Amino acid sequence: MTSLSRRGFLAATAATTASLILPARVRAQSARMSLTATTRTIDVRGKAATVWGLMDGNGRSGLVLDPGQAFAVDLTNTLAEPTIIHWHGQIPPNVQDGVPDLPMLKLQPGERRAYDFAARAGTHWMHAHVPEHEMLLLAAPLVVRRPEDVAADRQDVTLFLHDFSFRPPAEVLAEITGGASMAGMDHSQMEQGSTGMGGMDHSGMDMGATNQGDMMAMPGMDGMEMDLNDYNFDAYLANDRTLDDPEVVQVDKGGTVLVRVINAAAATVFWIDTGALPGRLVAVDGELVQPLPGSRFGLAMGQRLDIELDVPAEGGAFPVLALREGAKERTGLILATPGATVTKVADMSDADHPAFSADLTQEAALRAVTPLPERAASSQTMLMLGGSMMPYVWTINGQTWGRHSPVTAKSGERVEIMFHNMSMMGHPMHLHGHAFQVVGVGQNRIAGAVRDTVHVPPMGMVTIAVDAGEAARWMLHCHHMPHLSTGMMTEFAVSV
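In terms of my numbering, the sequence shown has 254 at position 254, counting the first letter as 1, and numbering is strictly consecutive.
Take a look at the structure:
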């Protein structure tokens, strides 16, 4: 931090901001960035843990692009095994989307691969599209700033969330799934009609079945119970740290802070609690929304929230916490003005946090600043989201990947997809290669947020509208990694 405040600096340079942006933009378009998939060591409650990561050319986690900067990245795999990276929230050519063998092979150890496409502005992230690799923390922020971000009198802070286990991901998945996991699945080579799960046929399973373990009642569901968490991780991380030793970010007295929250967890839904600071939710999944005031906002796996916070003129220390839904665990960081006393924040609350998965109140309140153009949909498809804890298998229309029936559309066509969740767990549904608009919550039509990942609660319905893009096979799947690993994935097949 410099002694000159951001407010003072921006005031002094406001007259030259426009002229400064253009040369930077020109330079950025010609400059290539490097990104390395590598191993690294982090400290989790005093214990060293070897994890994976995506580091830029300066050894920092992730990438930040300036306004107008192209995504021109050379990715090198220095890991001992092949992997592949998906640019979550970006819309690259399908060949660069980062799904194993659809159509590109995994990046081999020592291999370098170039990626070039127009970057989509907003708060996004990048991660391995192999569940075990993502659970090893092979993920990082991917922030593409807008011109107004550069000109704004505010500070940017990223809050990158993970759930973490000291155990190998394969062991964690095996415990959760009971051995039904397809975590190492090859997305393209599984033949239609094959389950890919040791010959087990789950097509006739009872999709309404629930387990009798750690569940909580959901109001208004006639005694039915929903499953919130299917694994207790060893730690919940905010920027690779726990509340035993949180990141403390220095901020200006009387300033505004934009907190870019990214839920990179494998299987954990969080509430973001801004505590004493008044907040405004101004973007979801990188897309601007009409400001929604509040101090607690929920986000599921794969989703992002941009929250503006106002720091009081008298200053102080202000925790911004991520609360695990349905449990007491929490993580987060501390915003502190110069000279403020920072007190320790416990990593457990006194009582369980409520269920974000219980309803769609927040989703129903969101309104896009730039909605999709109004036009009639040529078709509507309903996808039934099903599954159970015992046996641990999760499906789309009763099918797992490899037995799936694609959602089809022609390039340029507007289609609607209704997700109808008939299971007792929530499902964050992510569509590759597209941004969609939420146009229905339950039976109600809305002009909701534009996003790429929507959370569908137990027994809930969400409808999205999407304009089909490049003619290709685009993945559509649940971003709960154990659900994905058992085959909860289909495809959005776009033709000419």
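Cβ atoms here follow ideal geometry from the backbone N, Cα and C, with glycine treated the same way.
This one's a predicted model, so the numbers in the text were calculated from it and none came from an experiment.
Inter-residue spacing [alpha-carbon to alpha-carbon] between residue i and residue j
| i | j | result |
| --- | --- | --- |
| P168 | D234 | 12 Å |
| A351 | W271 | 14 Å |
| N232 | E413 | 43 Å |
| D74 | V64 | 15 Å |
| G440 | N58 | 44 Å |
| A447 | M459 | 22 Å |
| A238 | L323 | 11 Å |
| S423 | F356 | 16 Å |
| D467 | L385 | 22 Å |
| M382 | E416 | 9 Å |
| G387 | W87 | 28 Å |
| Y392 | A449 | 32 Å |
| R60 | M33 | 12 Å |
| G487 | D101 | 16 Å |
| M190 | D310 | At M190, the pLDDT of 37 sits below 50, so the modelled position is not reliable; the number obtained from the coordinates is stated separately. Straight-line Cα distance between these residues: approximately 51 Å. |
| A336 | V150 | 22 Å |
| D153 | D252 | 11 Å |
| V257 | P278 | 11 Å |
| V342 | N263 | 25 Å |
| A376 | A465 | 10 Å |
| V144 | S295 | 25 Å |
| L228 | A327 | 9 Å |
| G178 | E374 | 46 Å |
| L54 | Q108 | 15 Å |
| S411 | T274 | 42 Å |
| T39 | D245 | 22 Å |
Residue i classed as buried or exposed, judged by whether at least 16 other C-beta atoms fall within 10 angstroms
| i | result |
| --- | --- |
| Q69 | buried |
| A472 | buried |
| M390 | exposed |
| F166 | exposed |
| N77 | buried |
| M226 | buried |
| E111 | exposed |
| Q443 | exposed |
| A358 | buried |
| R509 | An answer regarding residue 509 cannot be provided, because it is not within the stretch 1 to 496 covered by the chain. |
Check whether residue i and residue j have beta carbons under 7 Å apart
| i | j | result |
| --- | --- | --- |
| V44 | L136 | no |
| V261 | L360 | no |
| M425 | V456 | no |
| T83 | A140 | no |
| R120 | I85 | no |
| D452 | D306 | no |
| H480 | A267 | yes |
| R330 | S349 | yes |
Proximity test, residue i beta-carbon vs the ligand FAD heavy atom, cut-off 6 Å
| i | result |
| --- | --- |
| Q443 | What this structure holds is no ligand at all, so the ligand FAD is not there to describe. |
Any chain D beta carbon closer than 7 Å to residue i
| i | result |
| --- | --- |
| D153 | Chain labels in this structure do not include chain D; a single protein chain is all it has. |
Residue from the options whose Cα sits closest to the Cα of residue i
| i | options | result |
| --- | --- | --- |
| V249 | G316, G294, Q290 | G316 |
| L281 | Q362, V454, A340, P103 | Q362 |
| L142 | R304, T408, K106 | R304 |
| E287 | T341, V369, G254 | V369 |
| A501 | A365, S379, L35, M418 | This structure cannot settle anything about residue 501, because the visible part of the chain is limited to 1 through 496. |
| A276 | F318, P406, F436, T463 | F318 |
Pick out the complete beta strand (DSSP E) segments inside the region 297 to 375, 3 residues or longer, and give them in chain order.
304 to 310, 317 to 324, 330 to 336
Could you tell me which whole alpha helix (DSSP H) segments of length 4 or greater appear in the region 127 to 176?
131 to 135, 147 to 151
What are the start and end residues of each continuous beta strand (DSSP E) run of 3 or more residues lying completely inside the region 76 to 105, in chain order?
85 to 88
Fully enclosed by the region 444 to 473, which beta strand (DSSP E) runs are 3 residues long or longer?
453 to 456, 461 to 467
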